[in-house]
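Notes follow the structure.
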Amino acid sequence: MTEGIKTVIFPVSDLAAAKALYGGLAGVEPYADTPYYVGFKVGGQDIGLDPNGHREGGAGPVAYWHVEDIKASLQALLDGGAETIQDVRDVGGGTLIVTVKDADGNVFGLRQVA
């Protein structure tokens, strides 16, 4: 089961500048503000800034579908022809993410909150 897309993460090269830009747009202070991730909650959605995204191959924002069972959801995507870009990993506090690509080259992710 999915809760839909609730997280969008932008790869950024200058975290401080991006934090000012997106914070100004969002009109809120970040709920997470670390050297490796800045996150804003806007209208029930997470907007994240990842200073390592480009280095890890990110060419643009990645939308994350929130799912209850990341392994089962990933297997369903693989069975449907998707390809894993970055394997399931814990990004802190038991939150798991995985990034995939569909047959048309669209990159998106799955996110399971602990």
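Number 19 in UniProt numbering belongs to position 19 of the sequence shown; there are no gaps in the numbering.
Ideal Cβ positions, reconstructed from N, Cα and C, are used throughout, including at glycine.
1) Over the uninterrupted alpha helix (DSSP H) stretch that includes D90, give me the two end residues.
2) Taking 8 Å as the cut-off, decide whether the C-beta atoms of A114 and G94 are in contact.
3) Does DSSP classify G4 as helix, strand or coil?
4) How is the beta strand (DSSP E) around G39 delimited, first residue to last?
5) Taking only the alpha-carbon atoms, compute the straight-line gap between D14 and M1 and give it to the nearest angstrom.
6) What are the boundary residues of the alpha helix (DSSP H) that includes D79?
7) Quick check: the Cα distance between V42 and V67, rounded to an integer number of angstroms?
8) Helix, strand or coil: which one does DSSP assign to A114?
To lay it out plainly:
1) Your numbering for residue 90 matches position 90 in the sequence shown. Not the alpha helix (DSSP H): D90 falls in the beta strand (DSSP E), residues E83 to D90.
2) Taking the sequence shown and counting its residues from 1, one reaches residue 114 at position 114. Taking the sequence shown and counting its residues from 1, one reaches residue 94 at position 94. Yes. Within cutoff.
3) The residue labelled residue 4 in the question sits at position 4 within the sequence shown. In the structure shown, G4 sits in a strand (DSSP, three-state: E or B).
4) Here the question's residue 39 lines up with position 39 in the sequence shown. Run containing G39: Y37 to V42, per the beta strand (DSSP E) assignment.
5) Translated into the one-based positions of the sequence shown, residue 14 becomes position 14. Translated into the one-based positions of the sequence shown, residue 1 becomes position 1. C-alpha separation (whole angstroms): 36 Å.
6) Sequence index remark: in the sequence shown, residue 79 carries index 79 (1-based). From DSSP, the alpha helix (DSSP H) with D79 extends over I70 to D79.
7) On the sequence shown, residue 42 is found 42 positions in, with the first residue counted as 1. On the sequence shown, residue 67 is found 67 positions in, with the first residue counted as 1. Near 20 Å, if we compare the C-alpha coordinates of V67 and V42.
8) The residue you call residue 114 lines up with position 114 of the sequence shown. In the displayed model, A114 falls within coil according to three-state DSSP, outside both helix and strand.
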